[in-house]
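Right, one structure below, let's go through it.
Residue numbers (my numbering): 4 to 201.
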């Protein structure tokens, strides 16, 4: 079978296209099948199991389960960010600033994007100021690694994380650039584009 050659896309478009396709696949409605309701004899043990699982999940959440994120500093000054839950971006931003990274952090859910665009009078391109280190150091595994040393005086790093509300898939992607300060606040607005399209 002959497959057409894959087209070369401009820089960054392949990643945006892939993110958009994955978002669309996740948003496709599932076909519903109608089933007969189970009998009470079968339903009682299932309800007991559901109640036990609900308690097992709710107790750690109410008592403060694992951290929403983790930040580790490597020996060479790189910062590795692992996001476990899409909550409290302001605290992540404060922690990164305490570690010497002058950044703003935003979580962007599916169907939304930051406004206004652009948020800076000038963003440096990835070659001029590579904020994200890709691929990151192997010892960290999942997550994102940034190099705060590329942020110069009068500049601010912008980290926009595309987040999902589905369990097991918190962060779908990252948009990271260094911009000339000041950086405009992110106001979430509706969009049909990929969350990190700029």
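Ideal Cβ placement from N, Cα and C applies to all residues, glycine included.
Our two residues, residue 26 and residue 89, have alpha carbons roughly 17 Å apart in a direct line.
Taking the Cα of residue 150 as reference, the smallest distance to any Cα among 87, 72, 99 and 93 is reached at 99. The beta carbon of residue 152 is closer than 8 Å to those of 80 in its chain, skipping five residues each way along the sequence. The bridge partners DSSP lists for residue 160 are 106 and 181. A straight line joining the alpha-carbon of residue 145 with that of residue 175 spans about 12 Å.
For residue 137 and residue 148, the gap between their C-alpha atoms comes out near 7 Å.
One thing to note: residue 199 has its Cβ within 8 Å of the Cβ of residue 22. In this structure, residue 114 lies near residue 193, with their beta-carbon atoms less than 8 Å apart.
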